[in-house]
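Heads up: the sequence lines are chains A and B, in that order. Residue 377 in our numbering sits at position 382 of the first sequence, with consecutive numbering throughout. Residue 32 in our numbering sits at position 37 of the second sequence, with consecutive numbering throughout. Just so you know, even glycine gets a beta-carbon here, dropped at the ideal spot from N, CA and C. In this text the structure is predicted, and so the values were computed from the model without any measurement.
Number of protein chains: 2
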Amino acid sequence: MHRRHLLAVGATAVAAGLTSTASAFETGQPGTEPNKAGAEPPKAGSKLPGYVAWKDAEAFTVHSNQTLETKRGLAEGVITPIDRLFIRNNVAPPPESIVADRDAWQVEIAGVAKPATLTVADLKRIGLASVATVLQCSGNGRRYMQDMLQPGQKISGTPWTVGAAGCVIWTGVPLKAVVESLGGPAAGVKFVTGTGGESLPPGLKPRDIVVERSVPLSALDTVILAWGVNGAPIPLAHGGPLRMIVPGYSGVNNIKYVKTVALTEAETDAKIQATSYRMHGVGEKAAPSQPSVWEQPVRSWIDAPLTGMSAGRTVVSGVAFGGLHAVAQVEVTADGGKTWTRAPFVGPDLGPYAWRVFALPIDLGPGTHVLASRATDAAGNIQPDSTPPNGGGYSYNGWRGPAITVEIG
Amino acid sequence: MHRRHLLAVGATAVAAGLTSTASAFETGQPGTEPNKAGAEPPKAGSKLPGYVAWKDAEAFTVHSNQTLETKRGLAEGVITPIDRLFIRNNVAPPPESIVADRDAWQVEIAGVAKPATLTVADLKRIGLASVATVLQCSGNGRRYMQDMLQPGQKISGTPWTVGAAGCVIWTGVPLKAVVESLGGPAAGVKFVTGTGGESLPPGLKPRDIVVERSVPLSALDTVILAWGVNGAPIPLAHGGPLRMIVPGYSGVNNIKYVKTVALTEAETDAKIQATSYRMHGVGEKAAPSQPSVWEQPVRSWIDAPLTGMSAGRTVVSGVAFGGLHAVAQVEVTADGGKTWTRAPFVGPDLGPYAWRVFALPIDLGPGTHVLASRATDAAGNIQPDSTPPNGGGYSYNGWRGPAITVEIG
């Protein structure tokens, strides 16, 4: 077999010295250093922040103490190990003490016929459900939008490429079963509103800081209140002891350390809902009238090959997922989008909210090849060539951003 | 709600002071101390043997340096985290150096038209597959057989209950694709024979020690040569850099650090195949004419509740799986087998070789309740009441052994 030394480079290699432009929300408020939390013994010699020192340090690009991106190619399986799952906190996590007795954590259930405060132990007596979801930061892929800006334009926020996403399996109780056990929804409710248990830093308006998000009531059919992930208790850094999981919705809607779940008539007026995570133009002001960042759009990317290729046969593989609609098919191009070949899915199908792994063996000769993938969901939505920048840098799902340019010399 | 203090005890509580009767195979040979291997940084203060110090120490009952059992109830999800997966080695693992450059590991492929030695990097260019399997020690449940023995009878081996099993997702290349790339099987072959890469201790006959197992050629359709598990490289302790996975077959057939995969006309004459892992009567000698421990029988057990119950509603949950036939249904009893109620499966179906989680909400009043589960596979095989003891203590699949007696006072 004829093999030559090859050079593969990402199509959008990170510019040297780029400074993160993460917002206050993304870096944590002043005075709120991350707690030494996690309830897991740290790995010896970890370079990660203390509350995630139990994670695989080699797996991350650390943008800040509150924003850790999984390196590309290191979350390529159908399941992402927890120690490789990205981290992104709006507010620093609560103290480790809240996971000392997980079953004792209390959550208030409101907007039902018989409102009640239940412990996790109570929830475990109501029902059991499990769902695999792609957990993805709303800003995953922001970097590709930042790269498209005109002079004078700016999009704040962590320059994620593809690594603010993972696929994990949650275990908990269906919210619907909890609501039914409390007499059903109150009249007139239209949203499911979850409130996080973060300790709010003093000196700031609580409504400006509280992590409280509303999603449409239709999510009541799929939301679970989860105490487990990938077969173990949810680490504090990922929202344990209890997290509200909204399958198909982007990360911010999945409330960590959830302390209140309310069925409400209106969306919350918390800043994180009212004027953050809204779809608006670059440089425009966010407003409650704009679409909220809820459902994830159909998306895919290649995890291999990324580098070190030689001429001949290679296996192009990656992950593909929809939001509320399962991914239906994925195609691969090796010529920058001129021609596409359908790629088979491989391995287990974990359900409509999970990602699927695809793999296509192809033969590549000497020259420059631009590899990319393009997914279509069950509703017929297909990834666009690119996604026009928006003010928050949300919901990028173009196939061109994460394309890989391979030089076979 | 009326709640009383309750006492829950396992139906077969471990006798105080029980001495492990593990064989030489199970404890490692004299002079072969486990290597400080694993290529993962240890968790601070771990009480586990060095080569698995990165695991969750709280999750295990340590029978010996080479036999660690996952505590019941701690592998209850559809996926078992690697740091909670049981350990059972026939021979101590090779040195950590073999995972320093995983892609360079070599495996010899024999019994094909064009025999070849391939690196893991070569395998990655041939194809990609992923399969979820229950990895289970052939002796999982041996303890229940040991408890049934008559005076004077003995079954050697680790007294596993239900914790020598986990469900994980492997990533690798289909063996069939590798064989096809090498011209297909040689004439007359009837078995797939894998040889492990353990360093054999000096002073013993290699054929008595080598981990080399043969499975029927029909397995060629499903075997994968795996480099990943649960989305990360296979830890050395679990067979990395390359493990031969035989879906539906018990643990010993899944060759760690596989260095040779041969299609062969006959079963290997290695002791571990010829006169170990054979089905024979208690006190009888093992012989090649007896059935080999290959396919796993249909099995299930309850993971919750195990303890700390109170009267009223509870959710009975557990796992159920077949061997080569997927599990089709599972039933739960609360009265020691007098009456059975079908329990729904919950969460993702990872495929025919994985286990499924089941959960049934039931109401229990004061009194003594014997909880158990009974699974049926797609071929109609149903778990028996109990499994008669055999000489090796293999393949227990009765429902009564792992039954849980709950006293609600």
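Q. Is it the case that the CB of A:Asp98 approaches a heavy atom of the ligand SAH more closely than 7 Å?
A. Inclusion of the ligand SAH in the displayed structure is not the case, the ligand content being empty and no account of it being possible.
Q | Those residues which DSSP pairs with A:Gln324 across a bridge | A | A:Thr371
Q) Quick one: which chain B residues come within Cβ less than 9 Å of A:Leu43? A) Residues of chain B passing the Cβ test: none, with the nearest at roughly 11 Å.
Q: Determine the burial state of B:Asp78: buried for a count of at least 16 other Cβ atoms within 10 Å of its Cβ, exposed for fewer.
A: buried
Q: Step through the CB atoms of chain B and report whether any lies within less than 8 Å of the CB of A:Thr309.
A: yes
Q) Leaving out the 5 sequence neighbours to the left and right, which residues in its chain are closer than 8 Å to A:Leu212 when beta-carbon positions are compared? A) Pro180, Val184, Lys185, Phe186, Val187 and Leu258
Q. Grouping DSSP H, G and I as helix and E and B as strand, with all else coil, what is A:Thr16?
A. Residue placement at A:Thr16 is poorly supported in this model, since its pLDDT is 31, which falls under 50; the coordinates still yield a value, given next. Looking at A:Thr16 - three-state DSSP - the assignment turns out to be strand.
Q) Got a sec, what are the start and stop residues for the alpha helix (DSSP H) B:Pro201 sits in? A) Pro201 to Ile204
(Q) According to DSSP, simplified to helix, strand and coil, what is A:Tyr435? (A) What is shown of chain A runs -4 to 404, which leaves residue 435 of chain A out entirely.
Q: With DSSP collapsed to three states, give me the class of A:Gly407.
A: For chain A, the structure presents residues -4 to 404; residue 407 of chain A sits outside this window and is missing.
Q: For the beta strand (DSSP E) containing B:Ile357, list its first residue and its last residue.
A: Arg351 to Leu359
Q.
Going by DSSP, what residue range makes up the beta strand (DSSP E) through A:Ile164?
A. Ala160 to Pro169
**Q.** Paired residues, beta bridge with B:Ala105 - DSSP
**A.** B:Ala257
**Q.** Buried versus exposed call for B:Asp98 [16 or more other C-beta atoms within 10 Å across all chains shown]
**A.** exposed
**Q.** B:Ser295: contacting residues in chain A (beta-carbon distance under 7 Å)
**A.** In chain order: nothing, as chain A lies at least about 15 Å away.
Q: With a 10 Å radius around its C-beta and 16 neighbouring C-beta atoms as the bar for buried, classify B:Glu53 as buried or exposed.
A: exposed
Q: Under 7 Å between beta-carbons, which chain B residues line up against A:Thr166? List them in chain order, please.
A: Gly72
Q.
Just list the residues that DSSP pairs B:Trp296 with in beta bridges.
A. B:Val314
Q: Determine the DSSP secondary structure at B:Gln145, reduced to helix, strand or coil.
A: coil
Q) Straight-line CA distance for A:Arg351 to B:Ser125? A) 11 Å
(Q) I need the DSSP call for B:Gln268, collapsed to helix, strand or coil. (A) helix
Q. For chain B, is any of its Cβ atoms less than 8 Å away from the one on A:Ala127?
A. yes
Q | Contacting residues, own chain, Cβ-Cβ under 6 Å from A:Tyr391 (five flanking each side not counted) | A | Gly136, Tyr139, Met140 and Thr382
Q) At which residues does the alpha helix (DSSP H) containing A:Val157 begin and terminate? A) Run containing A:Val157: none; DSSP gives neither H nor E here.
Q: Write down the C-beta distance between B:Ala127 and A:Pro343 rounded to the nearest angstrom, noting that I regard them as a contact closer than 8 Å.
A: 5 Å
**Q.** Proximal residues to A:Leu177 (C-beta, below 8 Å), its chain only, five neighbours per side dropped
**A.** Ile104, Val107, Ala108, Lys109, Pro110 and Ala111
Q) Hey, is B:Glu175's beta-carbon within less than 8 Å of any beta-carbon in chain A? A) no
Q) Is DSSP giving B:Val277 helix, strand or coil here? A) coil
Q: Determine which residues share a DSSP beta bridge with B:Ser59 and list them.
A: B:Thr62
Q: Please list the residues of the stretch 333 to 352 of chain A that have a C-beta atom closer than 9 Å to any C-beta atom in chain B, keeping them in chain order.
A: Val341, Gly342, Pro343, Asp344, Leu345, Gly346, Ala349 and Val352
Q.
Please return the same chain residues whose Cβ sits closer than 8 Å to the Cβ of B:Arg285, not counting the five positions on each side in sequence.
A. The amino acid occupying residue 285 of chain B in the given sequence is Gln; Arg does not appear at that position. Result list for B:Gln285: Arg273, Met274 and His275, in chain order.
Q. Which residues mark the beginning and the end of the alpha helix (DSSP H) in which A:Val115 is found?
A. Val115 to Lys119
Q: Would you mind stating whether A:Asn249 and A:Leu130 have Cβ atoms separated by less than 8 Å?
A: yes
Q.
Along the chain, where does the beta strand (DSSP E) containing A:Trp222 start, and where does it finish?
A. Ile219 to Val224
Q. Just the Cα atoms here: how many angstroms apart are B:Gly375 and B:Ser271?
A. 29 Å
Q: Using a Cβ cut-off of 8 Å, pull out every chain B residue sitting near A:Thr75, in sequence order please.
A: Gly226
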